[in-house]
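Structure first, commentary second.
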Amino acid sequence: MIEAVIFDLDGSMVDSMWIWRSIDIEYLGKFGIPLPENLQACIEGMSFSETAAYFKERFSLPDNLDTIKADWNRMAGDKYAHEVPVKEGVRELLNYCSAHGIKAGIATSNSRELVENVVRAHQMESCFGCIMTACEVEKGKPAPDIYLAVAKELAVAPENCLVFEDIIPGIQAGKAAGMKVCAVYDEYSTHQDEEKHRLADYYTYRFTELIEEGVLA
Numbered sequence: 059m060i061e062a063v064i065f066d067l068d069g070s071m072v073d074s075m076w077i078w079r080s081i082d083i084e085y086l087g088k089f090g091i092p093l094p095e096n097l098q099a100c101i102e103g104m105s106f107s108e109t110a111a112y113f114k115e116r117f118s119l120p121d122n123l124d125t126i127k128a129d130w131n132r133m134a135g136d137k138y139a140h141e142v143p144v145k146e147g148v149r150e151l152l153n154y155c156s157a158h159g160i161k162a163g164i165a166t167s168n169s170r171e172l173v174e175n176v177v178r179a180h181q182m183e184s185c186f187g188c189i190m191t192a193c194e195v196e197k198g199k200p201a202p203d204i205y206l207a208v209a210k211e212l213a214v215a216p217e218n219c220l221v222f223e224d225i226i227p228g229i230q231a232g233k234a235a236g237m238k239v240c241a242v243y244d245e246y247s248t249h250q251d252e253e254k255h256r257l258a259d260y261y262t263y264r265f266t267e268l269i270e271e272g273v274l275a
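Letter by letter, the sequence shown follows residues 59 to 275 of our numbering.
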């Protein structure tokens with residue numbers, strides 16, 4: 059019995075992964091550093107704060123962590139507010155959940171500023187009973203901390219939650235929390251599709267499929 063759905067943000071609820079490669083190129087370029095091809099794989103699942111710490115150590119950046127995060131929020135803020143669309147079927151799924159008494163939350167590795175930007179831009183604030191970032195828990199994904207924290211805030215047992223995730227560490231986090239997990243198609247993680255199918259309970263290309271197939275019933 060699904061009593062709550064919990065969305066990862068980037069690549070799962072919204073189509074935003076394309077933004078970060080250009081931001082990383084621009085940001086590292088300020089320090090004369092070329093973008094490493096393996097960077098995204100190295101930081102998958104890390105919280106916003108963990109990623110900043112990783113950047114500072116790996117690239118020996120002179121700025122402190124607060125400055126690094128503030129720069130990223132500034133560079134991405136306008137794009138999240140005006141250029142990032144929600145994924146196909148998200149609104150329909152949220153409407154279905156509202157009509158059937160299913161709670162909804164967001165568990166993101168991104169910053170609170172950016173998640174609130176995109177939720178506000180799409181007028182979806184009232185859809186979510188909890189929005190939490192991985193910076194607010196002890197460990198980022200693939201640890202289950204953030205999903206357990208959102209379930210607790212929503213007052214729903216983990217086994218009655220359905221998680222939506224687009225990358226392997228996120229799927230692992232949801233499963234480690236004892237939740238059902240639906241892997242979400244995203245262009246930027248197609249190389250992981252075989253593993254996503256193996257690890258997750260469901261896989262979807264558009265969220266309305268889940269309503270049609272009775273997954274939430």
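For each residue, glycine too, the CB sits at the ideal point set by N, CA and C.
Predicted, not measured: the structure shown is a model, and the values here were computed from it.
Only buried fits A231, as 16 or more other CB atoms lie within 10 angstroms of its CB.
Distance from the CA of K197 to the CA of D244, rounded to the nearest whole angstrom, comes to 24 Å.
Given a length threshold of 3 residues, each whole run of the beta strand (DSSP E) inside the segment 122–179 is given here in chain order: 161–166. For V239, the enclosing beta strand (DSSP E) begins and ends at 238–242.
The Cβ atoms of M190 and A165 sit closer than 9 Å to each other. By the C-beta density criterion, E84 is exposed, having fewer than 16 other C-beta atoms within 10 angstroms.
Taken atom to atom, the span from the alpha-carbon of A241 to that of I229 is near 7 Å.
Here the C-alpha atom of P202 lies approximately 34 Å from the C-alpha atom of G87. Within the segment 185–270, the complete beta strand (DSSP E) segments at least 3 residues long are 188–191, 219–223, 238–242, 260–262, listed from N- to C-terminus. Per DSSP, F113 is one residue of the alpha helix (DSSP H) stretching across 106–116. Beta-carbon to beta-carbon, S70 and D251 are separated by about 14 Å, too far to satisfy the 8 Å threshold. Listed as beta-bridge partners of A62 by DSSP are K161, C219. The beta carbon of S118 lies closer than 6 Å to none in the same chain, with the five residues before and after it left out. Around the C-beta of M59, fewer than 16 other C-beta atoms lie within 10 Å, and the residue is accordingly described as exposed. In this structure, C219 sits near A209, with a CB-CB distance shorter than 9 Å. Secondary structure at D68: strand, using DSSP grouped into helix, strand and coil. In this structure, DSSP gives G90 a state outside helix and strand, which the three-state scheme calls coil.
The beta-carbon separation of F222 and F65, rounded to 5 Å, stays under the 8 Å limit for a contact.
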